[in-house]
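J.: Quick one: this structure, given as structure tokens, is what I'll be asking you about.
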């Protein structure tokens, strides 16, 4: 779920999805080669293969390790996205938050990738109009960075305190936020701190106009990253 990215500016992202051993990496390399040679584009591939290594079966037997892999992949994608380079996420991408269907290209084993249509979708189609959750807002408050730090720290403290007295997997209510925190397991302070740093880094570059929404945005980000 990349709702925190700026939709008003095009950031070419290609999300590959498919069953294990269905040819995702082969298709990724085909498209990468085409975009580099025919369109003179720089292409960066973020692949789960680099993180899974030889023990991928063991990883997928452990839901917690699997979530850690997804979080690392997402963090890499967010870090690499920019206006010009194509980022390809080569992974299963099967969870609800990673689904995408417009545009979607289905490639059968006997078919070649629709290269031109993919290029058009990445660079020539008009991006979706910005909305309240994706539009970049001017940094209007001198206290914004202070509020960002304070708010995220409050949420972090609330979660860590709640986990001490709750059963692993229980929903955690953050005061003032309608959406509950739902990880499905106990998270460590290191995990939340790492996600907090990522959220702060991105929000500094793309501040919201209403600082009162920061807490709800951070809770949503934690659910999508660690949940």
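Residue numbers (UniProt numbering): 1 to 227. Just so it is clear, CB atoms sit at the ideal spot from N, CA and C, and this is done for glycine as well.
If residue 187 sits next to residue 226, beta carbons under 8 Å apart, how far is it from one beta carbon to the other, in whole angstroms?
T.: Yes, residue 187 and residue 226 are in contact; Cβ-Cβ is about 5 Å, under 8 Å.
J.: In terms of residues, what are the limits of the beta strand (DSSP E) holding residue 192?
T.: From DSSP, residue 192 is part of no beta strand (DSSP E) but of the alpha helix (DSSP H) over 189–205.
J.: Opposite residue 14 in the DSSP bridges: which residues?
T.: Answer by DSSP bridge pairing, in chain order: 88.
J.: Since residue 46 and residue 73 should fall inside the 8 Å C-beta cutoff, what is the C-beta to C-beta distance between them, to a whole number of angstroms?
T.: That pair is a contact at about 6 Å.
J.: Closest to residue 15 by CA distance: which of 162, 93, 79 is it?
T.: Ranking 162, 93, 79 by Cα distance to residue 15 puts 93 first.
J.: Would you decide whether residue 105 is buried or exposed? Buried here means 16 or more other CB atoms lie within 10 Å of its CB.
T.: Exposed, because fewer than 16 other Cβ atoms sit within 10 Å of the Cβ of residue 105.
J.: Taking the beta carbon of residue 64 as the centre, do at least 16 other beta carbons fall within 10 Å, making it buried, or is it exposed?
T.: Burial call: exposed.
J.: Count the other CB atoms within 10 Å of the CB of residue 175; is the residue buried (16 or more) or exposed (fewer)?
T.: It counts as exposed.
J.: Measuring CA to CA, which of 75, 30, 31, 35 is closest to residue 48?
T.: Out of 75, 30, 31, 35, 75 has the C-alpha closest to the C-alpha of residue 48.
J.: Less than 9 Å between the C-beta atoms of residue 208 and residue 222, yes or no?
T.: Against a cut-off of 9 Å, the Cβ pair of residue 222 and residue 208 comes out as no contact.
J.: Which same chain residues, not among the five before or five after residue 59, have their C-beta less than 7 Å away from its C-beta?
T.: For residue 59, where only same-chain residues beyond five positions count, the Cβ hits under 7 Å are 52, 65, 66, 69.
J.: Just mark residue 192 as buried or exposed, buried being the case when its beta carbon has 16 or more other beta carbons within 10 Å.
T.: With 16 or more other Cβ atoms within 10 Å, it is buried.
J.: DSSP three-state label for residue 208, please.
T.: In this structure, residue 208 counts as coil in the three-state DSSP scheme.
J.: Distance check for residue 197 and residue 179, CA to CA, integer angstroms please.
T.: Distance between the alpha carbons of residue 179 and residue 197 is about 21 Å.
J.: Whole angstroms is fine: what's the gap from residue 117's alpha carbon to residue 27's?
T.: If you take the alpha carbons of residue 117 and residue 27, they lie about 15 Å apart.
J.: Three or more beta-carbon pairs under 8 Å between the region 28–42 and the region 82–92, yes or no?
T.: Output reads yes: the region 82–92 touches the region 28–42.
J.: Skipping 5 residues on each side, what residues in its chain have a beta carbon closer than 6 Å to that of residue 162?
T.: Closer than 6 Å at the Cβ level, and outside the excluded window around residue 162, lie 172.
J.: What does residue 43 pair with, by DSSP beta-bridge criteria?
T.: Answer is 86, bridged to residue 43.
J.: Quick one: grab the DSSP three-state call for residue 159.
T.: Correct three-state label for residue 159: helix.
J.: According to DSSP, which residues form a beta bridge with residue 181?
T.: Answer is 172.
J.: Checking 9 Å against the spacing of the C-beta atoms, do residue 90 and residue 33 come in under that value?
T.: No, the pair does not count as a contact, with Cβ atoms beyond the cut-off.
J.: What residues in its chain sit with their C-beta under 6 Å from that of residue 71, if we drop five residues either side in the sequence?
T.: Excluding residues within five positions, the ones whose Cβ falls inside 6 Å are 225.
J.: Which of helix, strand or coil does DSSP assign to residue 213?
T.: Residue state, collapsed to three classes: helix.
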